[in-house]
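If you read the sequence shown in full-length UniProt numbering, its first letter stands for residue 1, the second for the next number, and so on. Just below is one structure, and these are the notes that go with it.
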Amino acid sequence: MNTYKKTAIITGILLIIATAAGLLGNALTGSIVGAPDYLVQIAANKNLIVAGALLAFVAAAGSAGIAISLYPVLRKHGEGLALGSVGFRLIEGVFYLVSVLGLFSLLSLSQEYASAGAQSAPAIQVLGELIVSVRVWAGFVLGVIAFCLGAGMYYYVLYRSRLIPRWLSCWGLAGLLLLFSMTMAIALGERISAPSGMLVLLAVPLALQEMVLAVWLIAKGFNQSAVASLSEKAE
């Protein structure tokens, strides 16, 4: 098995892991953290919160791994863009980790809230709102923007190099544009609330594209004519 095929398979597996873990993690925790009485709900659903946080951690690691695994191939077609994609997807992973830490912080805070008296409860609620806001900015705004920029860079290189079918690259770029536009609208809005449901809905076309891309890379790998053309230029 050559290096290009190994890279394609690893990238495909990471795409499946990152996408599945991210969507499942949000499905487990989104409705709980987004509930009006979220501190009560978090305390009552500790196991779901822990499972969701661990899945979000896996998604963060997988997201960074996608660009890293692609870098050895893409740098031969555009080193600057390939390196930029790695940088932005690492930044994305950091923001997702901040969101995970916020989730664990809310879990600890919910335990305090459950045993707090009437005088302490309002202060705990204010702290909880602050943590939720940090999670929204980190996980659903800045993290998504970094993802769109990083993924956009390697999809452009994939489009230009024809390493994968251009219709697949265009699908990815279109999905990123849709997600990026809505994320910027949320970021520039007057009030940041929990937009996780909306962003998950808008991420569906891109999630489907990434699953198709993953299967394509695992089954067929990179376009052999594009790989051969690159080898000829190197000689």
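Cβ atoms here follow ideal geometry from the backbone N, Cα and C, with glycine treated the same way. Computed from a prediction, not measured in an experiment: that's the story for all the values here.
- At the C-beta level, residue 27 and residue 59 stay beyond 7 Å of one another.
- Judged by beta-carbon spacing, residue 64 lies beyond the 7 Å limit of residue 221, meaning their Cβ atoms are not closer than that value.
- In terms of Cβ geometry, residue 53 and residue 109 do not form a close pair [threshold 7 Å].
- For the 7 Å CB-CB criterion, residue 209 and residue 167 do not form a contact.
- By the Cβ neighbour-count rule, residue 130 is exposed, with fewer than 16 other Cβ atoms within 10 Å of its own.
- Across the set 169, 34 and 225, the C-alpha of 169 shows the shortest separation from the C-alpha of residue 156.
- In the DSSP assignment, residue 46 falls within the alpha helix (DSSP H) that extends over 46-115.
- Annotated as distal: residue 66 and residue 146, with beta-carbon spacing of 7 Å or more.
- Judged by DSSP secondary structure, residue 147 falls within the alpha helix (DSSP H) whose first and last residues are 143-161.
- Restricting attention to 225, 227 and 211, the CA atom closest to the CA of residue 23 is found in 211.
- Within the same chain, 42 and 131 come within 6 Å of residue 106 by CB-CB distance, once the 5 residues on both sides are set aside.
- Inter-segment contact for the stretch 134-154 and the stretch 85-100 is present: three or more beta-carbon pairs are separated by less than 8 Å.
- Taken through DSSP and simplified to helix, strand or coil, residue 118 comes out as coil.
- Separation of residue 179 and residue 142 (C-alpha to C-alpha, rounded to the nearest whole angstrom) is 12 Å.
- Under the three-state reduction of DSSP output, residue 5 falls in the helix class.
- Beta-carbon to beta-carbon, residue 82 and residue 163 are separated by about 12 Å, too far to satisfy the 8 Å threshold.
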